[in-house]
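Peer 1: Could you have a look at this structure, given as structure tokens, before my questions?
Protein chains in written order, with my numbering: chain A, 278 to 406; chain B, 5 to 360.
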């Protein structure tokens, strides 16, 4: 039986040294049961849950994916030309100062949104099927 | 009147590779004695004053004024370029094949499909088409461009001299092995495979490790949610989703990294590989698109996605030793070939060929 194609290539003599070292280390881990082939196959087979809906449903779901993370910092801006930079600095400072008051609620809201997002995707996918 | 080489870009955005290339080329062109301006449709507030409105370009017609267009999909700028009477050069930075966006963003997929048609229509409007890699040049040739050549992305080392951010240094310089991936969270970059490699490393080789994913997910939010779910399903911790990074933050992440990991299946050039090599971070990258030519033998090129084996390789190159040292030295040698002083003669040659 022919050898499988190498997984990687590093130029020069050092490449052969690296291949040998990686092969030996990995074989040792398999032999000791640190890694098992079932786990390797399971992880390799894991697929991403993207969204195969029509364009309209897909766009609605995408917008939900934008806003679910309420903890994600919104950019701080000001439309005022002269005092704008000062206002931005003040707003940034105020947001940091008040963060401890909102953190617990934001965290709960974030958990709720995340779970709802997964349910929403499942429902939309089921409807499509 | 001296000859001018102006550049046209849809967006001049801070931190974007194409915008950076336009700014660097302008500096080099001016250094060679050419008049050179950038014309753009949108300009980031941070770069205000660096570009003029693309509409002004119509007033710069003339045989001694060449226009270089950094092609981008779905932009009004393409129509302006098409109608210019000047000598015109198209620069192609690649369009991601639409199939990568299936299930993630139908609009972007449609835009990419249309982009290939738009590009083909520019064949007759360009005296020369320049690609930033041989991989991209072959695509241009396949579309039917007659005069094509390669001019790579210039890496200006002066951009990376900023002081690292103390807050990040304190948080992450703690003896852990830091993996790094830089780039937008887009499906062609196969971030899921980066996660799978990291899973085996952290779970089976070294729990004192983390992975920085530096990059935004704009328009790719469905993909980014799917990645978060995969992280959850793998029961994986130690992942820092850094999002958008300022230049100083980017520099800090490179300084903190021990290994750069790229599992992308479509790249027209891949600037982060050069950046990693510049910072002495050994690169492990999957051999797809232009990645092998950008690496130029100076990194570990992955031919087969065997996740535990790649994790083992990452472990080996993250340790002090001959393999790590040789990759760092090779990387530093390689990246010098993309420095402005190395590419200036080639740029001169290219500009001269516009006016044979």
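Positions of the beta carbon are idealized from the N, C-alpha and C atoms, including for glycine.
Measuring alpha carbon to alpha carbon, tell me which residue in B:64, B:209, B:263 is nearest residue 217 of chain B.
Peer 2: The option with the nearest alpha carbon to residue 217 of chain B is B:263.
Peer 1: Please go through the same chain and pick out, in chain order, the residues whose beta-carbon is closer than 7 angstroms to the beta-carbon of residue 255 of chain B, but skip the five residues on each side of it.
Peer 2: 164, 166, 168.
Peer 1: Quick check on residue 330 of chain B - is its C-beta less than 7 angstroms from some C-beta in chain A?
Peer 2: Output row for residue 330 of chain B: interface = yes.
Peer 1: Measuring alpha carbon to alpha carbon, tell me which of A:389, A:353, A:338 ends up nearest residue 224 of chain B.
Peer 2: Comparing Cα positions, the closest option is A:338.
Peer 1: Is the Cβ-Cβ distance between residue 13 of chain B and residue 44 of chain B less than 7 angstroms?
Peer 2: Yes, they are a contact pair.
Peer 1: Using a Cβ-Cβ cutoff of less than 6 angstroms, which residues in the same chain neighbour residue 274 of chain B once the five nearest sequence positions on both sides are dropped?
Peer 2: Answer for residue 274 of chain B: 295, 298, listed in chain order.
Peer 1: Could you give the uninterrupted runs of the alpha helix (DSSP H) lying entirely in the segment 209–270 of chain B, keeping only those of 4 residues or more?
Peer 2: Counting only runs of 4 or more, we get 225–237, 251–260.
Peer 1: Comparing the CB of residue 95 of chain B with every heavy atom of the ligand FMN, is any distance shorter than 6 angstroms?
Peer 2: As for the ligand FMN, it is missing from this structure, which has no ligand bound.
Peer 1: Determine, using beta-carbon pairs with one atom in the segment 194–208 of chain B and one in the segment 177–185 of chain B, whether at least three such pairs fall under 8 angstroms.
Peer 2: Segments in contact, yes.
Peer 1: Can you give me the Cβ contacts of residue 249 of chain B inside the same chain, cut-off strictly under 6 angstroms, excluding the 5 residues immediately before and after it?
Peer 2: Around residue 249 of chain B: 218.
Peer 1: Considering only the alpha carbon of each residue, which of B:187, B:280, B:81, B:235 lies closest to residue 222 of chain B?
Peer 2: The shortest Cα separation from residue 222 of chain B among B:187, B:280, B:81, B:235 belongs to B:187.
Peer 1: Can you check which of these residues, A:383, A:290, A:392, is closest to residue 327 of chain B by C-alpha distance?
Peer 2: Residue 327 of chain B has its Cα closest to that of A:290, out of A:383, A:290, A:392.
Peer 1: Which of the three DSSP states is assigned to residue 192 of chain B in this structure?
Peer 2: Helix.
Peer 1: Quick one: does residue 379 of chain A have its CB under 7 angstroms from some CB of chain B?
Peer 2: No, residue 379 of chain A lies away from the interface with chain B (no Cβ there is under 7 angstroms from its Cβ).
Peer 1: Can you confirm whether residue 200 of chain B, when its beta carbon is compared against all beta carbons of chain A, has any partner nearer than 7 angstroms?
Peer 2: Judged by the 7 angstroms Cβ criterion, residue 200 of chain B is in contact with chain A.
Peer 1: Where do the ends of the beta strand (DSSP E) carrying residue 369 of chain A lie?
Peer 2: Careful: residue 369 of chain A lies outside any beta strand (DSSP E), inside the alpha helix (DSSP H) at 361–405.
Peer 1: Here's a check: name, in chain order, each residue in its chain whose Cβ is nearer than 7 angstroms to the Cβ of residue 339 of chain B, leaving out the five neighbours to either side.
Peer 2: Same-chain partners within the cutoff: 159, 278, 281, 282.
Peer 1: If you compare alpha carbons, which of B:344, B:285, B:74 is closest to residue 323 of chain B?
Peer 2: Nearest C-alpha to residue 323 of chain B: B:285.
Peer 1: Can you list, in chain order, the stretches of the beta strand (DSSP E) that have 3 or more residues and sit fully within the segment 268–338 of chain B?
Peer 2: You should have 287–290, 304–306.
Peer 1: Between the segment 29–38 of chain B and the segment 78–90 of chain B, do at least 3 Cβ pairs fall closer than 8 angstroms?
Peer 2: No, the segment 29–38 of chain B does not touch the segment 78–90 of chain B.
Peer 1: Would you tell me roughly how many angstroms separate the C-alpha atoms of residue 301 of chain A and residue 143 of chain B, rounded to the nearest one?
Peer 2: If you take the alpha carbons of residue 301 of chain A and residue 143 of chain B, they lie about 41 angstroms apart.
Peer 1: What are the complete alpha helix (DSSP H) segments, minimum 4 residues, inside the segment 314–364 of chain A?
Peer 2: Those alpha helix (DSSP H) runs which fall completely within the segment 314–364 of chain A and span 4+ residues are 314–322, 332–344.
Peer 1: Rounding to the nearest angstrom, what Cα-Cα distance links residue 293 of chain A and residue 306 of chain B in this structure?
Peer 2: Distance between the alpha carbons of residue 293 of chain A and residue 306 of chain B is about 14 angstroms.
Peer 1: DSSP puts residue 16 of chain B in a beta bridge; with which residues?
Peer 2: DSSP output for residue 16 of chain B lists B:47 as bridge partner(s).
Peer 1: Taking the C-alpha atoms as reference points, what is the distance between residue 233 of chain B and residue 326 of chain A?
Peer 2: Looking at the two C-alpha atoms, the distance is approximately 8 angstroms.
Peer 1: Which same chain residues, not among the five before or five after residue 292 of chain B, have their C-beta less than 8 angstroms away from its C-beta?
Peer 2: Hits under 8 angstroms: 268, 269, 270, 271.
Peer 1: Please name the residue, chosen from B:238, B:243, B:329, that lies closest to residue 324 of chain A on a Cα-to-Cα basis.
Peer 2: With distances taken between Cα atoms, residue 324 of chain A lies closest to B:238.
Peer 1: Which stretch, first to last residue, makes up the alpha helix (DSSP H) that contains residue 172 of chain B?
Peer 2: First-last of the alpha helix (DSSP H) with residue 172 of chain B: 170–176.
Peer 1: Does any CB atom of chain A fall closer than 7 angstroms to the CB of residue 208 of chain B?
Peer 2: Judged by the 7 angstroms Cβ criterion, residue 208 of chain B is in contact with chain A.
Peer 1: Please return the same chain residues whose Cβ sits closer than 7 angstroms to the Cβ of residue 395 of chain A, not counting the five positions on each side in sequence.
Peer 2: Contacts found: none.
Peer 1: Since residue 211 of chain B meets chain A, which of its residues come closer than 9 angstroms, beta carbon to beta carbon?
Peer 2: Result: empty, since nearest Cβ-Cβ is about 12 angstroms, beyond 9 angstroms.
Peer 1: Taking just the CA atoms, how far does residue 152 of chain B sit from residue 86 of chain B?
Peer 2: The straight-line gap from Cα to Cα measures roughly 18 angstroms.
Peer 1: Spatial neighbours of residue 140 of chain B within its chain, please: C-beta separation below 6 angstroms, excluding the five flanking residues on both sides.
Peer 2: Answer for residue 140 of chain B: 96, 98, 272, listed in chain order.
Peer 1: Closer than 7 angstroms between beta carbons: that is the criterion. Which residues of the segment 322–353 of chain A meet it against chain B?
Peer 2: Taking 7 angstroms as the Cβ-Cβ cut-off against chain B, the residues of the segment 322–353 of chain A that qualify are 323, 325, 326, 327, 328, 329, 332, 335, 338, 339, 342, 343.
Peer 1: Of all the residues that make up the segment 106–134 of chain B, which are near chain A by a beta-carbon distance shorter than 8 angstroms?
Peer 2: If the cut-off is 8 angstroms between Cβ atoms, the segment 106–134 of chain B has 106, 107, 108, 109, 110, 111 near chain A.
Peer 1: Mind listing the chain B neighbours of residue 284 of chain A? Cutoff is C-beta to C-beta under 7 angstroms, in chain order.
Peer 2: The contacting residues are 306, 307, 308, 310, 313, 314.
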